[in-house]
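Trainee:
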Amino acid sequence: MNMRTRRIFIGLVALSLIALGPASSAADRQAQDLAGHWEGVIDVPGTKLEVDLDFVRRDDGTWKGDISIPIQGAKDLPLAGIKAEGGEVVFMIGGVPGEPTFKGRMSADGATISGTFIQGGGTFPFELARGENPAAKARRALEGFGEIVAKGLTLLEVPGAAVAVVKDEEVILAEGFGFRDIEKKLPMTADTLLAIGSSTKAFTAFALGTLVDRGQVDWDTPVREYIPWFRLEDTWAGQRLTPRDLVTHRSGLPRHDLVWYNNLTATREDLVRSLAHLEPSADLRAKWQYNNLMFLTAGYLIETMTARSWEEAVRALVFEPLGMTRSNFSVADSRKDEDFALPYGEREDRVVEIPFRDITTIGPAGSINSCVNEMARWVMVHINGGKFGDTEVIGAATLADLHTPYMTTGDVSDRPDITAADYALGWFVDSYRGHRRVHHGGNIDGFSAMVAFFPNDGLGFVVLTNKNGSGLPELLVRTGADRILDLEAVDWIGDAAKRRAEGEEVAKKAEEKKATRRRPGTAPAHKLDKYAGGYHHPGYGSLKVTLESGRLGFVYNGIATPLEHWHFETFSGGKAVTDPVFEDMKLTFRTDANGYVVGVGVPFEGTVDDIYFAKEPDERLSDPAYLGTLLGTYSLASQTVTVALKGDVLTITIPGQPTYELVPEIGGEFSLKEARVVRLRFVEGPKGEVTALEISQPGGVFEYKRVK
7 MNMRTRRIFI GLVALSLIAL GPASSAADRQ AQDLAGHWEG VIDVPGTKLE
57 VDLDFVRRDD GTWKGDISIP IQGAKDLPLA GIKAEGGEVV FMIGGVPGEP
107 TFKGRMSADG ATISGTFIQG GGTFPFELAR GENPAAKARR ALEGFGEIVA
157 KGLTLLEVPG AAVAVVKDEE VILAEGFGFR DIEKKLPMTA DTLLAIGSST
207 KAFTAFALGT LVDRGQVDWD TPVREYIPWF RLEDTWAGQR LTPRDLVTHR
257 SGLPRHDLVW YNNLTATRED LVRSLAHLEP SADLRAKWQY NNLMFLTAGY
307 LIETMTARSW EEAVRALVFE PLGMTRSNFS VADSRKDEDF ALPYGEREDR
357 VVEIPFRDIT TIGPAGSINS CVNEMARWVM VHINGGKFGD TEVIGAATLA
407 DLHTPYMTTG DVSDRPDITA ADYALGWFVD SYRGHRRVHH GGNIDGFSAM
457 VAFFPNDGLG FVVLTNKNGS GLPELLVRTG ADRILDLEAV DWIGDAAKRR
507 AEGEEVAKKA EEKKATRRRP GTAPAHKLDK YAGGYHHPGY GSLKVTLESG
557 RLGFVYNGIA TPLEHWHFET FSGGKAVTDP VFEDMKLTFR TDANGYVVGV
607 GVPFEGTVDD IYFAKEPDER LSDPAYLGTL LGTYSLASQT VTVALKGDVL
657 TITIPGQPTY ELVPEIGGEF SLKEARVVRL RFVEGPKGEV TALEISQPGG
707 VFEYKRVK
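Just add 6 to the spot in the sequence shown (first one is 1) and you have this note's numbering.
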C-alpha cells in the first residue's frame, strides 16, 4: 500500500467495540456464504463513504479478501484476520496504522452485514449488502453492445473494429466487428492485428519507468547525463531537458512531424541529432506541445541505457511479462501474420484501402501493432497496480507516477461533465462524468485506436479500428463506460454522425473558396529550370525540386508531389499520384541580390516560421574532375592570380594576399570563404573550355583572362 492510502485511513475516525449477541443457526449457515462481492457504506461525519469488498474461501477453510474505496483511490487493499462464525463477521484492513477493523453481524438471510468500523478508538456504523459479481454485472451491462458498434461502423463509415473490455482481472468482452479486409470480406476478430498508433507512447513511458525502478534512469536528471552529445537549438533547454520532460510534451518544441514522416533513410540517432536544428516555439516546461520526436528520444534513451534496440527492450520489459506474443513493432511483421487488418482512409468522399505507412524509425512514438486480446492484458496491469496476475511488472509507485498529470494541455472541454484532459507520462488524464479516466488514442495512416481505463473503478477499454482519423474508438469507450458505470445514456455515435455531416459541408465550402487567396495575373520571376535542384535544411534534411516535361514538382522524404504556380514566387502542391500529404502545400522561393534562386520556404511546421531550405550548389562544383579544368593562372593588366587545389578544395592566390579557399555557390559560382560577398565565375568558351575568371565585388566586376 502506498503512503497516500495510509494517510487516508489514518484520517478516518474509528468505532468502539459493540457487543454482538449469539448468532442463530440460520446465521451460522449464512456465515459460510461470506464468499462473494459486497457493497456498502461507512457512515463517517458529513458523508457516507462507499466501499466494496470481495471475499474468497480457500481450500483449507481460511479466508482472503480485499476492499476498495473508490472516492479515495484505494483499490483492492488486502484484508486480514477474516472470521465468519456464528453469524459474526470480523476483518481488518491489513498494513494500515490504527488497526482499522470491521465487526458486524450477517442477517439471517445472508443478504447484509451491519456493524461498526473501529480505528484508533473511534467508531462508525457500516452497512454492507451482498452485490452482484462486478465482472458479471459489467458483462450484463454490455448486452446488445454489438448493435452499438454496428451502428458506429455504418454511420461513421468505418470498415471494422475490435473491442476489449476489462473489469478488474477479467476480460468481459473481446470481439471483432465488421471487416479487416473489405474486398475479401474477411471479418475483424479479437485476434486481428491493427496499428495502435500513438497509444504506443504509454509503452515507451512504461518501459522507461521500469528502468527507473531499477535505478538505471532518474526522471529528473538531464538527458545529457545519459546522452552527452544531446542538443536542442535552445542551448539552455538542451542542457536541462529531462526524461520526464520527454514524455510529458513540455520540451518547448512543436511537433516538427515532417522531419520523420515517411523518412526511411534516417536512423533514430539521426533524428535525435536533428533536434539541435529545430526551432522551438516556447520555453522549456512553459507550454504543453505534443511532440513525437521527444518520445522517439525517450526510446533512444532506452536503447542507450539497455544496450539493445527499443523493440527488444519493450518486448523484454513489457510484452513478455504480459504474454503479448503476437504484438509487434512493424507493419511489415503484421502482414506476415494470418490475421491482420488492412488500412483504410477517405479519399474524395469514399472509403478506400490505402498503403501501409512504415513508421519504424519513429517507433517509440507510435509503431506498435497488436490485437485486443493482447491489449486487454496491457490494460489489466494498469488497473491492478502494476501486477499481471501474481507478477509485478512495474512498481506500484512508479505506475502511479505514470498516471499523475504533470502538464495542462490548454484544451477546453465542450461538456461540463467531462473535464479538459491533462497530460501525465504517456497518458492523458481527465474526469469523465465524475470518474477518473486515463487514456491515450492513436492515429496513423489507415488506423485509429483508443486505450482507456478508469483506475478507481477497475474498468478498462481497448478499441482498435482500421480507418484513420476516426472518432469511433472514443465514442465506443464512452458508450461502454456509460453502461457499466450506470450513467445516463448519451447517443454519442448519433451526435457524432450529425457533426460529421455538418463538418463535411463546411469543409466543402472552404475548399471552394481556397482560390480566393490567390493573386491573379502573376508569373514566376525565373525560368522553371532555375528553381530545379537540391535544397537542404540541417534539421529537416534534403528537398529536391524537379523539372519534368515542363512541369515542376518536389520530392521530400520520398513523397513526390507536382507543383503548380500559385502567384509570384509561390507554388502550390497539386494532386499527387500516390501520396496526398503535400497537396495544397505552398512553397515560396527566394532570390538573392545576384538574381539567383537560393532557397525555398515551406510551412512544414505551422507554429514557427516557414522551414527554410537553402539551395545546394551544382554538384559539379565539388567534383574533382571538373575542378581540375579550372586550375591555372589568370591575368588582368599587371596582376596575375593562381587557381589551385588544396586537397579537394579549390583555392585562389592573389599576389600580396593570403591564399583563399573557394566555396561553391548557387549559379555555378564560387565565393571567398573569408569574404562571401566576393563572387567568382569561370567563363567558358563555345566548346566548354574555361577562358576567363570573373571576380565580382561591390566595387565592380573584374575579368581575368586565362593565361595557362
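Note that CB positions come from ideal geometry on N, CA and C, so glycine has one too. Owing to the predicted nature of the structure, the values given are computational and were not obtained by experimental measurement.
Can you give me the C-alpha to C-alpha distance between Arg35 and Ala114, rounded to a whole angstrom?
Mentor: In this predicted model, Arg35 has a pLDDT of only 49, less than 50, meaning its place in the structure is not dependable; the value taken from the coordinates is given anyway. About 9 angstroms.
Trainee: Let me confirm a value: Trp433 is counted as buried when at least 16 other C-beta atoms fall within 10 Å, else exposed. Which label applies?
Mentor: The C-beta of Trp433 has 16 or more other C-beta atoms within 10 Å across all chains shown, which makes the residue buried.
Trainee: Between Thr331, Glu326, Asp289, Ser257, which lies nearest to Leu715 when the distance is taken from Cα to Cα?
Mentor: Because the chain here runs from 7 to 714, residue 715 falls outside it and cannot be looked at.
Trainee: Mind reading off the beta-carbon distance from Gly448 to Thr206? Whole number of angstroms is fine, and I expect it under 8 angstroms.
Mentor: 7 angstroms
Trainee: Name the one or two DSSP bridge partners that Ile617 has.
Mentor: Val608
Trainee: Just grab the DSSP bridge partners of Lys109 for me.
Mentor: In the DSSP output, where bridge partners are listed per residue, Lys109 has Val96, Thr122.
Trainee: If distances are taken between C-alpha atoms only, which option among Ile119, Leu637, Thr53 comes closest to Leu40?
Mentor: Ile119
Trainee: Nearest to Lys54 by alpha carbon, out of Phe123, Glu94, Arg63?
Mentor: Phe123
Trainee: List the DSSP bridge partners of Val707.
Mentor: Ser702
Trainee: Where in the region 319–389 do unbroken runs of the alpha helix (DSSP H), each at least 4 residues long, occur, reported from the N-terminal end onward?
Mentor: DSSP assignment within the region 319–389 yields the following whole alpha helix (DSSP H) runs of 4 residues or more, N-terminal first: 337–340, 369–372, 378–389.
Trainee: If you draw a straight line from the alpha carbon of Arg4 to that of Glu680, how long is it in whole angstroms?
Mentor: It is not possible to answer for residue 4, since the shown part of the chain is limited to 7 through 714.
Trainee: Cβ atoms of Ile672 and Val614: under 8 angstroms apart, would you say?
Mentor: no
Trainee: Could you check the C-alpha separation between Thr726 and Val696 for me, to the nearest Å?
Mentor: An answer regarding residue 726 cannot be provided, because it is not within the stretch 7 to 714 covered by the chain.
Trainee: What would DSSP say about Leu405, mapped onto helix, strand or coil?
Mentor: Correct three-state label for Leu405: helix.
Trainee: Report yes if the C-beta distance between Val399 and Lys393 is below 8 angstroms; otherwise report no.
Mentor: Yes, they are a contact pair.
Trainee: Indicate the three-state DSSP secondary structure (helix, strand or coil) for Ala142 in the structure shown.
Mentor: helix
Trainee: Apart from the five residues just before and just after Ala32, which ones in its own chain have a Cβ nearer than 6 angstroms to its Cβ?
Mentor: Confidence at Ala32 is low in this model, with a pLDDT of 48, below 50, so the placement of that residue is unreliable and no value is reported for it.
Trainee: For Pro704, is the classification buried or exposed, using 16 other Cβ atoms within 10 angstroms of its Cβ as the cut-off for buried?
Mentor: exposed
Trainee: Whole alpha helix (DSSP H) runs in the region 496–521 with 4 or more residues, listed along the chain?
Mentor: For the region 496–521, whole alpha helix (DSSP H) runs of length 4 or above, ordered along the chain, are 498–519.
Trainee: So what's Val645 in DSSP terms, helix, strand or just coil?
Mentor: According to the sequence as given, residue 645 is Gln; it is not Val. Gln645 falls in the strand class under three-state DSSP.
Trainee: In angstroms, rounded to a whole number, what distance separates the CA positions of Pro422 and Tyr562?
Mentor: Their backbone Cα atoms lie some 44 angstroms apart in a straight line.
Trainee: Is Phe236 helix, strand or coil by DSSP?
Mentor: coil
Trainee: CB-CB under 6 angstroms to Thr107, same chain, minus the five flanking residues each way: which ones, in chain order?
Mentor: Met98, Ile124
Trainee: Taking only runs that begin and end inside the region 464–493, name each unbroken beta strand (DSSP E) of 3 or more residues, in chain order.
Mentor: Here the runs fully enclosed are 465–471.
Trainee: Report the residue from Glu690, Arg237, Ala144, Ala292 whose alpha carbon sits nearest the alpha carbon of Glu176.
Mentor: Ranking the options by Cα distance to Glu176, first place goes to Ala144.
Trainee: Name the residue from Arg291, Leu281, Glu285 whose alpha carbon lies nearest to the alpha carbon of Thr248.
Mentor: Minimum Cα distance to Thr248 is reached at Arg291.
Trainee: Quick check: the Cα distance between Ala430 and Asp251, rounded to an integer number of angstroms?
Mentor: 10 angstroms
Trainee: The alpha helix (DSSP H) that contains Leu277, what's its start and end?
Mentor: Leu277: member of the alpha helix (DSSP H) spanning 274–280, first to last residue.
Trainee: Report the residue from Pro670, Ala208, Ile374 whose alpha carbon sits nearest the alpha carbon of Glu317.
Mentor: Ile374
Trainee: Fully enclosed by the region 193–243, which alpha helix (DSSP H) runs are 4 residues long or longer?
Mentor: 207–219
Trainee: Count the CB pairs spanning the region 186–206 and the region 338–347 that are closer than 8 angstroms, and state whether there are at least three.
Mentor: yes
Trainee: Keeping to the same chain, check which residues put their C-beta closer than 6 angstroms to that of Leu4; ignore five residues upstream and five downstream.
Mentor: Residue 4 lies beyond the residue range present for the chain, which begins at 7 and ends at 714; the question has no answer from this structure.
Trainee: Please classify Ala427: is it buried, with 16 or more other beta-carbons within 10 angstroms of its beta-carbon, or exposed?
Mentor: buried
Trainee: Kindly identify the DSSP beta-bridge partner or partners of Gly559.
Mentor: Thr552, Pro568
Trainee: Indicate the three-state DSSP secondary structure (helix, strand or coil) for Glu695 in the structure shown.
Mentor: coil
Trainee: Against chain C, with Cβ distances strictly below 8 angstroms, would Trp69 count as a contact?
Mentor: Note that chain C does not occur in the displayed structure, where there is just one protein chain.
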